[in-house]
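Have a look at the structure below before the remarks.
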Amino acid sequence: MAPVRSLVFIAMLAAMAFLLMATLNVPVLPAAPYLRYDPSDAVGLVAAVTMGPAAAVAVVFLKDLLWLFLRARGPFGPAADFIAAATFVGVAGWVYHRRPLRAAPGGPRRDAAWLGLACVAGVTARVLIMIPANYAILYLQFGMPPARVTALLLPAIVPFNAIKGALNGALAVMLVSVLARRGMTQPAARR
Numbered sequence: 001m002a003p004v005r006s007l008v009f010i011a012m013l014a015a016m017a018f019l020l021m022a023t024l025n026v027p028v029l030p031a032a033p034y035l036r037y038d039p040s041d042a043v044g045l046v047a048a049v050t051m052g053p054a055a056a057v058a059v060v061f062l063k064d065l066l067w068l069f070l071r072a073r074g075p076f077g078p079a080a081d082f083i084a085a086a087t088f089v090g091v092a093g094w095v096y097h098r099r100p101l102r103a104a105p106g107g108p109r110r111d112a113a114w115l116g117l118a119c120v121a122g123v124t125a126r127v128l129i130m131i132p133a134n135y136a137i138l139y140l141q142f143g144m145p146p147a148r149v150t151a152l153l154l155p156a157i158v159p160f161n162a163i164k165g166a167l168n169g170a171l172a173v174m175l176v177s178v179l180a181r182r183g184m185t186q187p188a189a190r191r
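So in the numbering used here, spot 2 of the sequence shown is number 2, and the numbers just go up one at a time.
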C-alpha cells in the first residue's frame, strides 16, 4: 500500500473505531458498571490483519486521542484503554503475521483459525498487562491503595479485560472472514 494511502486508511479506521466507542458501549459486569464494552478494538484487529501490528497500534492511538480531546473527562480512561487495546491488537497482529504463508487446505478458514489463535494471545497479553497498569492508573487517578486494587482484580479487572478482548476478537474473526472472501485482507507485501 502506498504511504499516503496507508495513512488515510489508518485515519479512516481510527475514526470508525472512535465512532464505535462513542456510540456502542455497554456495561458487562454488574460488579463494575463503569467498565464498559465497546467494539472499537475489532477495528484495530482489522488493521492488524491488513496492515500489521504497528498500523493497528496507530489506529488505537488515534482513536484514544480523539476520545481524549472530544469525550473524556480526564486522561486516565484513554490511557488505560490505549495500554489495553494497543497490547491486544499489537500482540494479536504480531502473532497473526507469523503464520505460515504457503498454501494449505482450508484457505480463509485456516486464516480465521490463525487469527483466533492470535486473538487468544492478544487477550492473554491484555489481561496480564492490565494488572500492573491498573495498580498505577487507579493510584494516580483516585489515590487507591494497592490492597483495594487487588480486591478489584478478580471480580472486575481481569474478567472485564478477558470479556472485552474475547468479544472483540470474535467480532474481528467474523469481519476478517467476510473481508477474506472478498480478497481484502492480504497485506500489500504478501499480495
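C-beta: ideal position from N, C-alpha, C; glycine also.
How long is the line joining the alpha carbons of residue i and residue j, rounded to whole angstroms?
i	j	result
Leu-115	Met-51	14 Å
Arg-126	Asn-161	7 Å
Gly-183	Phe-69	36 Å
Asn-168	Pro-27	15 Å
Val-59	Pro-78	13 Å
Pro-75	Phe-82	11 Å
Ala-54	Leu-153	29 Å
Arg-181	Ala-172	14 Å
Ala-86	Trp-67	15 Å
Pro-146	Ile-131	11 Å
Ser-6	Ala-56	11 Å
Cys-119	Arg-73	30 Å
Asp-64	Gly-165	17 Å
Leu-179	Ala-170	14 Å
Gly-44	Met-174	14 Å
Ala-15	Phe-61	11 Å
Ile-129	Arg-99	24 Å
Leu-24	His-97	29 Å
Using 10 angstroms around the beta-carbon of residue i, count the other beta-carbons present and answer buried if the total reaches 16, otherwise exposed.
i	result
Ala-11	exposed
Gly-143	exposed
Val-8	exposed
Val-46	buried
Ala-48	buried
Val-95	buried
Ala-2	exposed
Ala-84	buried
Val-89	buried
Since I believe residue j is in contact with residue i (beta carbons under 8 Å), could you give me their beta-carbon distance rounded to a whole number of angstroms?
i	j	result
Ala-133	Ala-80	7 Å
Leu-29	Pro-159	6 Å
Val-123	Leu-138	Incorrect: roughly 21 Å between the Cβ atoms, too far for contact.
Ala-112	Ser-177	5 Å
Leu-35	Ala-121	About 22 Å; that fails the 8 Å criterion.
When you compare the CB of residue i with every CB in chain B, is at least one pair closer than 8 Å?
i	result
Leu-13	You won't find chain B in this structure, because it holds only one protein chain.
Does residue i come out as helix, strand or coil in the three-state DSSP assignment?
i	result
Tyr-96	helix
Pro-33	coil
Phe-82	helix
Val-28	coil
Met-51	helix
Asp-38	coil
Pro-132	helix
Arg-182	coil
Pro-145	coil
Gly-74	coil
Ala-2	coil
Using a Cβ distance threshold of 8 Å, determine whether the region 2-20 contacts the region 33-46, with at least three qualifying pairs required.
Taking a contact to require three or more Cβ pairs closer than 8 Å, the region 2-20 and the region 33-46 qualify as touching.
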